[in-house]
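Per our numbering, the very first residue in the sequence shown carries number 1; after that it's consecutive. Note that CB positions come from ideal geometry on N, CA and C, so glycine has one too.
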Amino acid sequence: MIKYKLLCNDCELKFDSWFSSSSEYEKLKKKKLLICHNCNSEKVEKTLMAPQLISRKAKNEEKFDTQKYKKIKKTIKNYQKFIKDNFEYVGDNFAYEARSIHYNSKKPTKGIYGKASQKDIKELKEEGIDTQLIPWVDEKEN
Numbered sequence: 001m002i003k004y005k006l007l008c009n010d011c012e013l014k015f016d017s018w019f020s021s022s023s024e025y026e027k028l029k030k031k032k033l034l035i036c037h038n039c040n041s042e043k044v045e046k047t048l049m050a051p052q053l054i055s056r057k058a059k060n061e062e063k064f065d066t067q068k069y070k071k072i073k074k075t076i077k078n079y080q081k082f083i084k085d086n087f088e089y090v091g092d093n094f095a096y097e098a099r100s101i102h103y104n105s106k107k108p109t110k111g112i113y114g115k116a117s118q119k120d121i122k123e124l125k126e127e128g129i130d131t132q133l134i135p136w137v138d139e140k141e142n
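Rendered as structure tokens:
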């Protein structure tokens with residue numbers, strides 16, 4: 001695994017992202033699958049980074065990071081439970097269902113969640129349909 005600090009050239013947001021290898025980053029970049037989570041821009045690049053050296057301090061920070069990760073994962077799972085309990089799952093038909101709710105005034109407004117591509121989400125936002133990306137933790141993950 002390798003962590004890169006990325007920069008969005010449109011909104012200038014800096015963020016970290018993990019990749020299985022440097023070639024994996026290059027492959028995703030070439031396929032234009034690296035997208036800024038703030039503005040949905042595809043103009044995302046690596047920034048300069050310093051190598052990380054392992055030390056006692058690093059091991060303590062790693063332990064702290066693990067605890068922090070578990071806390072974040074628990075929070076995400078709580079959000080997931082709320083969403084599952086209060087919204088209708090529409091699977092891969094999310095974009096279709098969102099449009100049908102938005103454009104059909106006779107159809108009752110309801111909360112839905114499901115799967116959509118980055119392209120679908122961008123198009124929905126351009127049409128004025130409020131859509132949010134929510135991190136999702138697979139139940140089977142440790």
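In the three-state scheme derived from DSSP, where H, G and I count as helix and E and B as strand, GLU126 is classed as helix.
The alpha-carbon of VAL137 is positioned some 35 Å away from that of LYS106. In the structure shown, ILE76 adopts helical secondary structure according to DSSP, grouped into three states.
Sequence-distant partners of ASN40 (beyond 5 residues in either direction) whose C-beta falls short of 8 Å from its own C-beta, in its chain, are GLN118, ILE121, LYS122, LYS125. Cβ contact annotation for HIS102 (same chain, cutoff 8 Å, sequence separation greater than five): GLU127, GLY128, ILE129, in chain order.
Looking from the CA of GLY91, the closest CA among TYR113, LYS70, LYS32, PHE82 belongs to TYR113. The closest CA to that of GLY111, considering only ASN93, TYR96, SER23, TYR89, is found on TYR89. In the structure shown, the three-state DSSP call for PHE15 is strand. Per DSSP, TYR25 has no beta-bridge partner at all. Distance from GLU42 to LYS32 at the Cβ level is roughly 5 Å; contact confirmed, criterion being Cβ atoms closer than 8 Å.
Looking from the CA of THR109, the closest CA among SER22, LYS29, SER100 belongs to SER100.
For ILE112, the uninterrupted beta strand (DSSP E) segment begins and ends at 112–114.
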